[in-house]
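Numbers given in the working numbering equal positions in the sequence shown, counted from 1, plus 19. One structure below.
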Amino acid sequence: MHGFCLKTIYTSLFTMSIKPLQILLRTALLCTFLPLSSCKENTPVTKPEFPALTFENPDANGGAWKTIIIASPKDYSIDVPVSVDSDEYQKELNQSKAVISQRTYAQDVAINHWASGGVLRWNQIARELVAKYNHPPKEGEKPDPTKPMASPPFAARAYALLSVAQYDALVATWFYKYKFRRLSPSHNGLKSSLPESNLPSYPSEDAVVAAVSYKILSKLFPAENDYLYNKALEHGNTRLWSGANLKSDILAGGRLGEQVAEKVIAYAKGDNFDNAKDQDQNWKEKAKKIKNSWVSQNAKKQAPLLPLMGMVQTWFDKNEVLGNPQPPAPPSLKSTEFKQDIDSVKKIGDTRTEEQKRIAEFWADGVGTFTPPGHWNKIAEELIRNQHFTELRTAKILQQLNRAEEDAAIACWATKYKYFFPRPTQVDKNIKNSLAVPNFPSYTSGHSTFSAAAALVLGHYFPQDSTRLKKMANEAGMSRIYGGIHYFCDNEGGKMCGEKIGKLAVDWGK
């Protein structure tokens, strides 16, 4: 995708040895002054994957929306923009006209890519990275902090931190947009290749999203810093190449995004996720106290996944997330209820239909995928793209979805390591499973918990799809039973917990 011009910009930046904290500032300066004539191409630009973002409601009161991590947008000051009548502003316009006149094919492709919505594009990048790192460590392999295992709980947290940072930063952006009310350069004589908008252009929402997303994801995936750095540069550059923003819009947005990102990173350092692995393996003592407790079914017995995930800081009230109503205790292995449940799972394994196999595989979201929370982010993206939302409203939906997903992980994992309930294939070796058995206890089902929470949040924002979303969530839960790795009680307990957490997220939004 990157043509010679983009490579030149990146090479110039990396040889300058400038701290990456000012990425958008460097982007603006280089885009304005770097010669581009040698890159001119006449290749016609193909139809973009998605149309450029347009919106019917600019969410003019968005600067007053409730924030999550930052206390107030006023805590993050930016420079007062120069007047559109000033010589400085006119100089910026002329510089942008020169850049636009020499725009290349590669730059047009990049413009079209990012114009469909930066929030969703960075969500895609996050999902791609989760899929890349969603692999258990190889036998004997030492942990590499720059290459984390992107398990479902890790992924849920990554999506949540990204979405929260984007949302809080955009609330601050809207506050300053409507404080200064500087219209886009297209209103002042600059021809833009993107649809004209009455949304104030200072600071640039795209610069904010690029800066804050880069900062968060590079902390979560340190080995991907250069890749993410280039993506942020490209994203910021497209606003200048297209004529949608001026240098000063980009500078202000970059600074604002970085400030908010630092606040969210500070929150993440104290959320207790780093202790979720239970390095001292205290889980063993808990498991010993439970008769017929879960044991790893891996060929080489391994420690379970994140035994202390239930101790991680929740986004919503912890007493409500982990408190009543709680899923009931799983049935005794000697009870009639349990016998009926496991017999049903065994029967499905013996008579599994092609449709049940299809459903199990569709929702599997195992190793090498962007996990169940990522699957629901993909569903959210498809719903959002059918609407005409601002970047701010998109970010609001995603932060509520993803905070619910992480809290679903926290509550579900707390239950798993409270009961250490064995998997069906541990209790009955004759059960024919079609899916790999996860390396953690059975009760409750993560898929059911994630899916019930997601369907409730998305159903609130897309009421016309709420019935379909609930059916999808039910199917996702049943898929684990069809695969032979969960019981019906796992499914029901997870659904109860997920719906509770989904309601907490919806109520916050009200």
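Here a beta-carbon is modelled for each residue, glycine too, at the ideal position from N, C-alpha and C.
DSSP, reduced to helix, strand and coil, places isoleucine 97 outside both helices and strands of the structure shown, so it counts as coil.
Listed in chain order, the alpha helix (DSSP H) runs fully inside the region 412-472 are 443-446, counting runs of at least 4 residues.
With fewer than 16 other CB atoms across the displayed protein chains lying within 10 angstroms of its CB, proline 155 is exposed.
Inside the region 343-420, DSSP marks whole alpha helix (DSSP H) runs of 4 or more residues at positions 355-370, 373-381 and 390-404, from first to last along the chain. A Cβ-Cβ contact shorter than 8 Å links alanine 399 with leucine 417. When Pro344, Thr355 and Asp426 are compared, the shortest CA-CA separation from methionine 328 is found for Asp426. The criterion of a C-beta distance shorter than 8 Å is satisfied by tryptophan 133 and aspartate 225. Two segments are said to touch when three or more pairs of C-beta atoms, one from each, lie closer than 8 Å; by this definition the region 498-508 touches the region 376-383.
For methionine 491, the enclosing alpha helix (DSSP H) covers residues 485-501.
The Cβ neighbour count for proline 344, taken over all protein chains shown within 10 Å, is under 16; the residue is labelled exposed. Counting other Cβ atoms within 10 Å of its Cβ, alanine 280 reaches 16 or more and is therefore classed as buried. Burial state of arginine 146 is buried, judged by a 10 Å Cβ sphere holding 16 or more other Cβ atoms. Contact annotation: aspartate 447 and isoleucine 309 have beta-carbon atoms that are not nearer than 8 Å. Rounded to the nearest whole angstrom, the CA to CA distance from glutamate 356 to glutamate 511 is 14 Å. Of Ile119, Gly81, Pro391 and Ala271, the smallest CA-CA separation from glycine 262 is found for Ile119. Annotated three-state conformation of proline 92 is helix, per DSSP. Taken in chain order, the unbroken stretches of alpha helix (DSSP H) that lie wholly in the region 102-165 and span 4 residues or more are 106-120, 124-134 and 137-152.
Per DSSP, methionine 515 is one residue of the alpha helix (DSSP H) stretching across 507-528. Counted as a single uninterrupted DSSP element, the stretch harbouring aspartate 290 is not any alpha helix (DSSP H), since DSSP gives it neither H nor E.
Per the coordinates, the alpha-carbon of alanine 433 lies some 19 Å from the alpha-carbon of alanine 524. Sequence-distant partners of glycine 137 (beyond 5 residues in either direction) whose C-beta falls short of 7 Å from its own C-beta, in its chain, are Asp225, Val228, Ala229, His254 and Glu410.
Counting along the chain, no alpha helix (DSSP H) covers serine 220, and no H or E run does either. Look at serine 232 here: in three-state DSSP terms it is helix. Of Glu160, Pro241, Glu277 and Gln375, the smallest CA-CA separation from glutamine 321 is found for Glu160.
When the beta-carbon positions are compared, valine 190 and tryptophan 84 come within less than 8 Å of each other. In terms of Cβ geometry, isoleucine 378 and leucine 454 do not form a close pair [threshold 8 Å]. Between glycine 81 and proline 92, the gap from beta carbon to beta carbon reaches 8 Å or more. In the three-state reduction of the DSSP assignment, alanine 318 falls in the coil class, being assigned neither a helical nor a strand state.
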